[in-house]
Each structure stands twice: as C-alpha cells, then as structure tokens.
Amino acid sequence: MTAAATATHCPYCALQCAMTLTPAPGADPDLPSAPARPAVAPRAFPTNRGGLCQKGWTSAQLLDSPERLTTPLVRETAGGPLRAAGWDEALDLVARRFAALRERRGADAVAAFGSGGLTNEKAYALGKFARVALGTSQIDYNGRFCMSSAAAAGTRAFGLDRGLPFPVTDLDDSGALVLVGANPAETMPPLMGHLDPARLIVVDPRRTATAQVALEGGGLHLQPAPGTDLALALGLLHVALVEGCLDTPQRTAYREERTVGWEGVRQCAARWWPERTERLTGVAAADLRRAAAALARAPRAHILTGRGAEQHSKGVDTVSAWIDLALALGLPGTPGSGYGCLTGQGNGQGGREHGQKADQLPGYRHIEDPAARAHVAEVWGVPAASLPGAGRSAWELLDALGTPDGPAALLVMGSNPVVSAPRARRVVERLRSLDLLVVADFLRSETAELADVVLPVAMWAEESGTMTNLEGRILRRRAVQCPPPGVRTDLEVLHGLAVRLGRSGHEFPTDPAAVLDELRRASAGGTADYAGAAPELLDAERPVYWPVPAAPPGAGVPEPTGAVGTPRLFLDRFAHPDGRARFLPVEHRDAAELPDAAHPLYATTGRQLQHYQSGAQTRRVPELAAAAPGPYVEVHPDTARRAGLADGDTARVVSRRGAVLARTRCVAGLRPDTVFLPFHFPGDGAANVLTNPALDPVSRMPEFKLSAVRLERADGG
Ligand code: SF4
244 MTAAATATHC
254 PYCALQCAMT
264 LTPAPGADPD
274 LPSAPARPAV
284 APRAFPTNRG
294 GLCQKGWTSA
304 QLLDSPERLT
314 TPLVRETAGG
324 PLRAAGWDEA
334 LDLVARRFAA
344 LRERRGADAV
354 AAFGSGGLTN
364 EKAYALGKFA
374 RVALGTSQID
384 YNGRFCMSSA
394 AAAGTRAFGL
404 DRGLPFPVTD
414 LDDSGALVLV
424 GANPAETMPP
434 LMGHLDPARL
444 IVVDPRRTAT
454 AQVALEGGGL
464 HLQPAPGTDL
474 ALALGLLHVA
484 LVEGCLDTPQ
494 RTAYREERTV
504 GWEGVRQCAA
514 RWWPERTERL
524 TGVAAADLRR
534 AAAALARAPR
544 AHILTGRGAE
554 QHSKGVDTVS
564 AWIDLALALG
574 LPGTPGSGYG
584 CLTGQGNGQG
594 GREHGQKADQ
604 LPGYRHIEDP
614 AARAHVAEVW
624 GVPAASLPGA
634 GRSAWELLDA
644 LGTPDGPAAL
654 LVMGSNPVVS
664 APRARRVVER
674 LRSLDLLVVA
684 DFLRSETAEL
694 ADVVLPVAMW
704 AEESGTMTNL
714 EGRILRRRAV
724 QCPPPGVRTD
734 LEVLHGLAVR
744 LGRSGHEFPT
754 DPAAVLDELR
764 RASAGGTADY
774 AGAAPELLDA
784 ERPVYWPVPA
794 APPGAGVPEP
804 TGAVGTPRLF
814 LDRFAHPDGR
824 ARFLPVEHRD
834 AAELPDAAHP
844 LYATTGRQLQ
854 HYQSGAQTRR
864 VPELAAAAPG
874 PYVEVHPDTA
884 RRAGLADGDT
894 ARVVSRRGAV
904 LARTRCVAGL
914 RPDTVFLPFH
924 FPGDGAANVL
934 TNPALDPVSR
944 MPEFKLSAVR
954 LERADGG
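Mind the numbering: the sequence shown is residues 244 to 960 in the numbering used here, read in order.
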C-alpha cells in the first residue's frame with residue numbers, strides 16, 4: 244500500500260512554502276520507531292506556486308540523521324562530558340535547580356530564550372511557562388535579532404505591525420518595487436516569481452543575486468555605503484518632492500485625509516538634495532533621480548525592507564524613513580500598493596505575537612498595559628498582579644547572564660545564540676558562567692555543546708501546530724510520523740518542568756490543539772487576534788489572516804471560499820485611534836562605530852542560499868554542506884589586492900571585538916569599502932565574533948550590519 248502524502252509546510256523561512264511529505268515505506272505514523280525520512284514534494288500554494296528552494300527540497304534529510312539526539316544528556320561537573328540520562332532524572336534536576344535559584348535569588352534568576360522558529364503553540368506555551376511557572380520577567384527570543392526594528396517602526400507609523408500587510412500575490416502587479424536590504428533570490432527564492440525584474444529597485448551595498456536579477460532584467464541597483472539607507476530614503480523623498488511628484492490630487496488628498504505629520508518630514512527631506520545624498524551614500528545623483536522617477540510614476544508600487552536596513556543601531560529610524568517615503572507616495576493602505584517587511588525566520592511573524600518577547604503578552608499586547616494583564620491573567624487563571632513586568636531584551640539578557648544582577652540559569656528553546664547572537668565570544672563567556680544552562684534541541688548545536696542539560700525534542704514533521712507566514716497567514720503544520728523513541732515534544736518538556744515546579748498539568752497541555760484553543764482565547768481582542776482561527780478552517784487550508792476575531796454568535800460557518808480574517812490591512816483606516824498613519828521626521832546619524840585607520844572597512848553580514856540562520860540544521864545536510872562548506876569573506880578585488888590577498892586565500896578579518904578566518908572570495912560587484920561575511924558558521928569563521936552589539940534605542944536591535952574591520956593575510960605575510 245502506498246502511504247498517503249500529507250500537506251504541510253517547509254520548516255525553514257518565513258515564506259513557509261507548501262509541500263507534501265510522504266512517509267517512508269513501512270513507517271507507521273502512529274508508532275514511535277527508528278527515525279525515517281519521508282519524501283518531499285512541492286505543492287501548489289499562492290506564495291511558492293509549486294516551487295521550493297534547495298533548503299526545502301532537502302529539509303527531510305535531518306529527520307533520520309545519525310546526529311539526532313534521542314536521549315537527555317546531563318553534565319555532572321563543569322567542563323566534564325555530557326552523559327546520557329533518563330527523562331525523569333533530567334527534568335527533576337532542571338526543576339530542582341530552577342526552584343533553588345528562584346528561592347535563593349528571586350524569580351528573575353532564571354531566564355528563558357525562545358525562537359522565531361517555534362510554532363505559535365510553542366511560542367505561546369514558552370511565554371506562559373516563563374511568566375507563570377518560573378514567574379520570571381527574563382524572557383526574550385532570537386526574533387529580537389530579526390524583525391524588531393521593522394516591527395517598532397511599523398507600530399509607530401500604522402499603529403500595528405504585520406510583516407506584509409497584504410498577500411504576497413499583490414506584488415505580482417507592482418509597477419515599482421523597492422527592496423531595501425533584502426536578498427530574496429538567496430533567502431527565499433520562490434518569492435522571486437512574484438517580482439518583475441524590470442520593476443525592481445534593489446538597495447544593497449552588495450551586488451547580491453537579487454540585485455543581479457534586477458540589473459539583468461532592466462531594473463536598478465543602488466549601492467549605498469552601509470549605514471546610510473536612512474539618508475537615501477530622504478534623498479529619494481527630496482527628489483520626488485522637488486520634481487512635483489507628490490502634488491497629484493490623489494497623493495495630496497491621501498496625506499491630508501489619512502496621515503498626520505507630513506510637514507515635519509517634508510522639512511527633513513528638503514535638506515537631502517541629491518548631491519548631498521550622493522556625498523554621504525555614494526549613490527550617484529543621476530541614479531537617485533532615476534529611482535525616484537520610477538517609483539513616483541508607477542501607478543502601483545511597494546517598498547519592502549529586510550535585515551540590511553533594519554539591523555542597525557538606528558534601524559527603527561531607518562525603516563521609518565522608508566515608511567515616510569511610502570506614505571508621501573500614498574502607498575500604505577492603498578489597494579495594490581504598500582509598505583512591508585520581509586520577515587526571515589519560519590515563524591518570525593507568529594513568534595512575535597504570543598508572548599515570548601520581553602515586553603509582550605499574547606495577542607501582541609503590551610505587558611505593562613493593565614487591561615492586557617487582566618485579560619491574559621484571567622485566561623491563565625492567575626492574579627494579574629502575579630505577572631512579572633517587562634524584562635531584558637535579547638542581547639541585554641545574554642550579556643547579563645551569570646553577572647551578579649543577571650540570571651544564573653537559562654532555558655534555551657529552538658535557538659543557537661552561540662552562532663547567531665552578536666559579539667559571539669562574549670556570549671560564550673556568559674553562557675559558560677551560568678549555574679545552569681538547559682537547551683532543548685534535536686541536534687547538538689553549538690549552544691547545546693555548552694549546556695549542563697540537553698533535552699532531545701521532536702522535529703517539525705513529527706508534531707503538529709500552526710505557523711504564521713510573512714503575510715500574517717496562519718498555516719497548519721502537520722505531523723507525518725512519530726518522534727523517535729526517547730524524544731519528547733517541546734510542549735511535553737514545558738509540561739514536565741511546570742508540573743515539577745508546582746503548577747498543575749492542565750495549565751500546560753501537551754496537545755497542540757488544546758494550546759491553540761487557549762491561545763485563541765488569550766489573543767482575543769488583541770492586536771494579533773487569532774480568536775477566529777478555528778481548527779476546521781486551518782485544516783481545510785482556508786486562507787486565514789490575523790486579525791481574525793471570533794465570529795459573532797449565530798454567524799454560522801464562513802463562506803466556503805475566500806479569505807478569512809484580514810488579508811489586507813489599513814484599506815479604510817490605520818490602527819491608531821484616529822485612523823491615520825503617522826509620518827515621523829527622522830535624521831541620519833552615524834553608526835555606533837565607523838571605519839578608521841586601524842579598521843578601515845565596513846563589514847556586513849547576511850545569509851547565503853544553502854543555509855538557514857545559524858546553520859545548525861543546514862550545515863548537517865550533505866548537499867547543502869557540499870555546496871556551501873564554510874566561511875568566506877567577499878572582498879572587492881582592489882581591496883583584496885591592497886591587503887595582499889588573492890581569490891581563495893585565507894583572510895583574517897579583525898574587528899574591535901575579535902578576529903575570524905575566512906576564505907577570500909573576490910567579487911567585483913561589492914563596494915570597495917565593504918566586505919561581506921555569511922553568519923551561518925561557528926568557530927574560527929563565526930562572523931558574529933566581529934559584530935557590534937550596539938543597540939537601537941527603541942527596538943534593542945544590535946548593529947549586525949555594520950562593524951569596522953581590517954583585512955589581513957592569515958599567514959601574516
Ligand atoms: Fe523553505 Fe524558505 Fe526555501 Fe521556501 S524559500 S523552501 S520556505 S527555505
């Protein structure tokens with residue numbers, strides 16, 4: 244008998260491409276057995292349209308990897324080896340040590356670190372576990388390093404943050420599409436099927452694969468110096484202003500009726516005439532005029548930001564500058580046009596809505612809002628006064644670990660901060676200084692290698708749940724097989740710990756359906772309202788976009804076709820109380836550090852086609868590892884020559900925080916003042932050894948995208 248194909252979604256990025264998994268011959272989906280590898284096939288879906296990238300095609304390979312963890316591991320003495328342990332022993336030990344620390348030093352002595360890769364149910368359960376079972380305020384997650392600047396800028400402009408406030412398919416008809424610091428040709432290739440190269444305007448210091456597509460298709464590539472995107476946006480706005488592009492009756496009416504604050508932004512932009520913009524950014528005034536004209540003349544247009552614009556100590560203001568440009572052109576909330584952020588992690592959207600962020604409760608509610616606390620406390624059955632307040636942001640939390648005032652124990656779920664956090668060597672020092680590091684993972688990641696207790700958990704195809712993609716569409720992820728013997732789900736881990744910490748088992752269900760039911764109640768009435776995301780709608784693959792409030796009593800079953808919830812936001816009004824969007828005047832300011840004589844180059848980091856995030860998964864997939872085996876540094880040939888480096892040489896890249904080794908890759912399309920390193924690799928080639936944890940004052944986003952470095956030959960020659 245041929246096993247049935249199960250419809251699900253890729254485990255990796257925020258595009259959440261649709262695929263089917265067909266169980267391996269002989270595998271019984273209801274019985275724990277040796278790990279098996281189901282067959283992957285793409286399936287039709289609006290975002291990926293039957294396409295998958297290399298990562299998606301090979302995503303099932305880890306399921307039967309010999310590197311899967313199948314038993315808890317415990318380290319008995321500092322520096323000693325990890326040894327196999329039983330689940331009761333491991334969970335008893337963790338709960339006992341957490342409780343003792345809490346008793347001795349207060350609830351904030353124990354912290355949790357989550358992930359934008361967790362399902363909605365797991366993100367919700369982890370947030371509740373921290374606030375209710377641990378009672379700690381010290382929880383944040385790796386999504387802080389991903390989209391927090393765009394989220395903060397979107398919230399202050401529109402009153403609400405959703406990565407794309409419209410379906411991806413709206414991009415098909417865009418007449419001009421500006422991509423700022425995003426490289427979807429490598430990070431989410433099927434998205435490129437929605438983008439017309441002739442209408443692309445790519446803003447990036449590198450000639451990325453996406454920029455190359457644009458140039459070959461008749462589009463534009465603007466190459467600003469790292470850290471100058473904000474000024475570039477103001478420069479484009481200046482040109483649109485003085486060329487009279489903003490004076491059309493439609494745009495004037497839009498600004499007057501749907502926005503506030505235009506005059507302040509107009510004055511800011513007035514100071515960024517093309518020649519001044521060119522001096523700072525390096526983008527030729529003629530290119531600036533061409534780009535502004537293409538954008539302003541298009542009947543429908545979009546501006547999308549990615550990590551290149553956002554991961555800066557002025558990331559929020561930078562995104563605000565691009566939103567200001569979009570508002571001046573009347574794009575947000577206009578059918579067929581808009582501003583959006585391309586979220587990166589698989590559940591980068593849902594991960595920020597359910598309470599694993601330091602300042603949030605489920606429903607995208609603020610943790611200091613008394614009404615939000617009262618609502619969530621009632622759903623959780625605890626006194627509102629017992630809920631802790633806001634905790635430290637991700638970098639501040641990592642940097643406080645093991646310090647006299649910081650947490651002494653940490654539970655990490657679904658994240659690998661040793662590779663993905665900035666200033667990586669400091670992070671390792673901090674993790675080593677903890678009394679207790681607990682990591683729940685399915686592989687021995689670099690962070691798990693440092694742990695005192697490692698808890699082996701199920702993988703994506705072994706448990707069900709929901710994910711929210713970059714459009715705010717809630718998707719059903721389905722299990723096709725049981726986890727291997729010895730492995731538990733993250734929900735079972737949280738349940739086991741919560742019970743040992745004195746909570747009742749029913750407060751922390753292990754069934755994802757029960758968690759979703761509670762999540763829907765907890766989010767009801769919030770910004771990210773999932774109350775109407777009924778399981779039957781998700782099972783039927785109906786397009787369900789939040790906010791999706793509960794149907795009024797007696798409303799019956801929704802129409803059998805069409806979207807449910809809110810596929811397009813802001814069509815009638817923005818989410819501020821007066822319904823208007825906010826222009827925000829912002830000014831260029833320098834990055835936290837700039838090149839100087841000792842460190843004369845900009846270094847920027849990013850992703851490559853074959854790897855996902857810290858690479859802990861994709862580095863273990865043979866095809867991907869063969870195609871992208873290790874760290875490299877992209878360097879302009881002239882810059883390489885000046886450093887005495889040739890293509891293929893091992894370079895030493897040195898910042899004020901440390902040095903890494905990487906193979907030189909000479910690339911003529913890169914700015915001569917800039918080098919690029921992928922951040923997927925650990926050890927001597929870990930790009931995040933170099934990066935600067937200087938934080939944005941609003942989003943607390945570190946400045947991943949700009950460090951000052953120098954290049955040397957590794958042999959010292
Ligand atoms: Fe998976 Fe993203 Fe690749 Fe799609 S683009 S297959 S979601 S990694």
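Yeah, the Cβ is synthetic: ideal placement off N, Cα and C, and Gly gets one too. The model shown is predicted, which means the values in this text are computed figures rather than measured ones.
Buried or exposed: where does Gly329 fall if 16 or more other Cβ atoms within 10 Å of its Cβ makes it buried?
By one-based count along the sequence shown, residue 329 stands at place 86. With fewer than 16 Cβ atoms within 10 Å of its Cβ, Gly329 is classed as exposed.
Using the beta-carbon count (16 or more within 10 Å), is Ser676 buried or exposed?
Locating residue 676 in the sequence shown gives position 433, counting from the first residue. Exposed is the call here.
In or out: Thr251 buried (at least 16 other Cβ within 10 Å) or exposed?
The residue given as residue 251 occupies position 8 in the sequence shown. Flag for Thr251 reads buried.
Which one or two residues does DSSP pair with Gly849 in a beta bridge?
Position 606 of the sequence shown, counting from 1, holds the residue named residue 849. Beta-bridge pairing links Gly849 to Pro921.
Grab the span of the beta strand (DSSP E) containing Thr495 for me, first residue to last.
The sequence position of residue 495 within the sequence shown is 252, counting from 1. Thr495 -> not in any beta strand (DSSP E); alpha helix (DSSP H) instead, spanning 492-501.
Distance cut-off 7 Å: Pro433 Cβ against heavy atoms of the ligand SF4:
Here residue 433 refers to the residue found at position 190 when the sequence shown is read from its first residue. Flag set: Cβ of Pro433 near the ligand SF4.
As assigned by DSSP and simplified to three states, the class of Pro945
Numbered from its first residue, the sequence shown carries residue 945 at position 702. The answer is strand: DSSP assigns Pro945 an E or B state.
Mind reading off the beta-carbon distance from His923 to Gln851? Whole number of angstroms is fine, and I expect it under 8 Å.
Within the sequence shown, numbered from 1, the residue matching residue 923 stands at position 680. Within the sequence shown, numbered from 1, the residue matching residue 851 stands at position 608. That pair is a contact at about 7 Å.
Other residues of its chain near Thr453: CB distance less than 8 Å, five sequence neighbours each side excluded
Here residue 453 is taken as the residue at index 210 of the sequence shown, counted from 1. Contacts found: Leu422, Ala425, Asn426, Pro427, Ala428, Glu429, Met435, Leu443, Val445, Asp447.
At a cut-off of 7 Å, is Asn935 close to the ligand SF4 when judged by its beta-carbon and the heavy atoms of the ligand?
Position 692 of the sequence shown holds residue 935. Incorrect: Asn935 has no Cβ contact closer than 7 Å to the ligand SF4.
My assumption, with CB atoms under 8 Å, is that Leu480 sits in contact with Ala355. Please give the rounded CB distance.
Reading the sequence shown from its first residue, position 237 is the one you call residue 480. Reading the sequence shown from its first residue, position 112 is the one you call residue 355. The pair is not a contact, with the Cβ atoms about 42 Å apart (cut-off 8 Å).
Just the C-alpha distance for Ala247 and Gly406, rounded to the nearest angstrom, thanks.
Taking the first residue of the sequence shown as 1, we reach residue 247 at position 4. Taking the first residue of the sequence shown as 1, we reach residue 406 at position 163. Cα to Cα, the separation comes out at about 34 Å.
Identify whether Val910 lies in helix, strand or coil by the three-state DSSP scheme.
The sequence position of residue 910 within the sequence shown is 667, counting from 1. Three-state DSSP puts Val910 in coil, outside helix and strand.
Nonlocal neighbours in the same chain, by C-beta distance under 8 Å from Val526, ignoring five residues either side
As a first step, residue 526 is located in the sequence shown; it is residue number 283 there, counting from the start. Here the set comprises Leu465, Gln466, Pro467, Leu475, Gly478, Thr520.
Counting only the same chain and skipping the five closest in sequence on each side, list residues whose C-beta sits under 6 Å from that of Glu735.
Locating residue 735 in the sequence shown gives position 492, where the first residue counts as 1. So the qualifying residues of the chain are Thr753.
Under the criterion of a Cβ to heavy atom distance below 7 Å, does Tyr255 qualify as lining the ligand SF4?
Within the sequence shown, the letter at position 12 stands for residue 255. Yes, the Cβ of Tyr255 comes within 7 Å of a heavy atom of the ligand SF4.
Can you give me the start and stop residues for the alpha helix (DSSP H) that Ile566 sits inside?
By one-based count along the sequence shown, residue 566 stands at place 323. Unbroken alpha helix (DSSP H) run through Ile566: 558-571.
Quick check: the Cα distance between Gln853 and Gly418, rounded to an integer number of angstroms?
Position 610 of the sequence shown, counted from the first residue, corresponds to residue 853. Position 175 of the sequence shown, counted from the first residue, corresponds to residue 418. Between Gln853 and Gly418, the C-alpha separation is close to 30 Å.
When every heavy atom of the ligand SF4 is checked, does at least one fall within less than 7 Å of the C-beta of Gln259?
Taking the sequence shown and counting its residues from 1, one reaches residue 259 at position 16. It does: the Cβ of Gln259 is within 7 Å (strictly closer) of some heavy atom of the ligand SF4.
For Ala564, I'd like the list of residues in its chain whose CB is within less than 7 Å of its CB, leaving aside the five on either flank, ordered along the chain.
The residue given as residue 564 occupies position 321 in the sequence shown. Taken in chain order, the residues that qualify are Leu473, Ala476, Leu477, Val829.
State yes or no: is the C-beta of Gly729 nearer than 7 Å to some heavy atom of the ligand SF4?
Taking the first residue of the sequence shown as position 1, residue 729 is located at position 486. Every heavy atom of the ligand SF4 is 7 Å or more from the Cβ of Gly729, so no.
Would you identify the three-state DSSP class for Asn659, choosing helix, strand or coil?
The residue you call residue 659 lines up with position 416 of the sequence shown. Three-state DSSP puts Asn659 in coil, outside helix and strand.
Assuming Gly632 and Ser942 are in contact, meaning their beta carbons sit under 8 Å apart, how far apart are those beta carbons, in whole angstroms?
The count along the sequence shown starts at 1 and reaches residue 632 at position 389. The count along the sequence shown starts at 1 and reaches residue 942 at position 699. Contact doesn't hold; Cβ gap of about 19 Å is too wide.
Could you spell out the range, first to last residue, of the beta strand (DSSP E) harbouring Ser392?
Locating residue 392 in the sequence shown gives position 149, where the first residue counts as 1. Where Ser392 is concerned, there is no enclosing beta strand (DSSP E), although the alpha helix (DSSP H) it sits in stretches over 391-401.
Skipping 5 residues on each side, what residues in its chain have a beta carbon closer than 7 Å to that of Pro575?
Translated into the one-based positions of the sequence shown, residue 575 becomes position 332. Closer than 7 Å at the Cβ level, and outside the excluded window around Pro575, lie Phe401, Ala569, Gly581, Tyr582, Phe813, Ala824.
Candidates Arg280, Arg348, Leu334, Met431, of which the one nearest His738 by Cα:
Taking the sequence shown and counting its residues from 1, one reaches residue 738 at position 495. Out of Arg280, Arg348, Leu334, Met431, Leu334 has the C-alpha closest to the C-alpha of His738.
Let me check you understand the geometry: is the CB of Gly299 closer than 7 Å to at least one non-hydrogen atom of the ligand SF4?
On the sequence shown, residue 299 is found 56 positions in, with the first residue counted as 1. Indeed, a heavy atom of the ligand SF4 lies less than 7 Å from the Cβ.
Does DSSP put Asp415 in a helix, in a strand, or in coil?
Start at 1 with the first residue of the sequence shown, and residue 415 comes out as number 172. Three-state result, Asp415: helix.
Can you tell me whether Met710 is helix, strand or coil according to DSSP?
Here residue 710 is taken as the residue at index 467 of the sequence shown, counted from 1. In the structure shown, Met710 sits in a strand (DSSP, three-state: E or B).
Can you tell me the Cα-Cα spacing of Leu324 and Glu310, whole angstroms?
Taking the first residue of the sequence shown as position 1, residue 324 is located at position 81. Taking the first residue of the sequence shown as position 1, residue 310 is located at position 67. In the sequence under discussion, the amino acid at residue 324 is Pro, which differs from the Leu named in the question. Using only the alpha carbons, I get a separation of about 17 Å.
Beta carbon of Asn291: closer than 7 Å to some heavy atom of the ligand SF4?
Locating residue 291 in the sequence shown gives position 48, where the first residue counts as 1. True, at least one ligand heavy atom lies under 7 Å from that Cβ.
Classification of Gly959 by the beta-carbon crowding that lies within 10 angstroms, buried from 16 upward:
In the sequence shown, residue 959 corresponds to position 716, counting from 1. Burial call: exposed.
Thr265: first and last residue of the uninterrupted beta strand (DSSP E) it sits in:
The sequence position of residue 265 within the sequence shown is 22, counting from 1. That run of the beta strand (DSSP E) goes 261-265.
Quick one, are the C-beta atoms of Val918 and Val878 less than 8 Å apart?
If you number the sequence shown from 1, residue 918 lands on position 675. If you number the sequence shown from 1, residue 878 lands on position 635. Yes, the Cβ-Cβ distance between Val918 and Val878 is below 8 Å.
Whole angstroms are fine: how far does the CA of Ser276 sit from the CA of Ala793?
Taking the sequence shown and counting its residues from 1, one reaches residue 793 at position 550. Taking the sequence shown and counting its residues from 1, one reaches residue 276 at position 33. Cα to Cα, Ala793 sits roughly 40 Å from Ser276.
Mark Arg914 as exposed unless 16 or more other C-beta atoms lie within 10 angstroms of its C-beta, in which case mark it buried.
Along the sequence shown, one-based indexing puts residue 914 at 671. Buried, since its Cβ has 16 or more Cβ neighbours within 10 Å.
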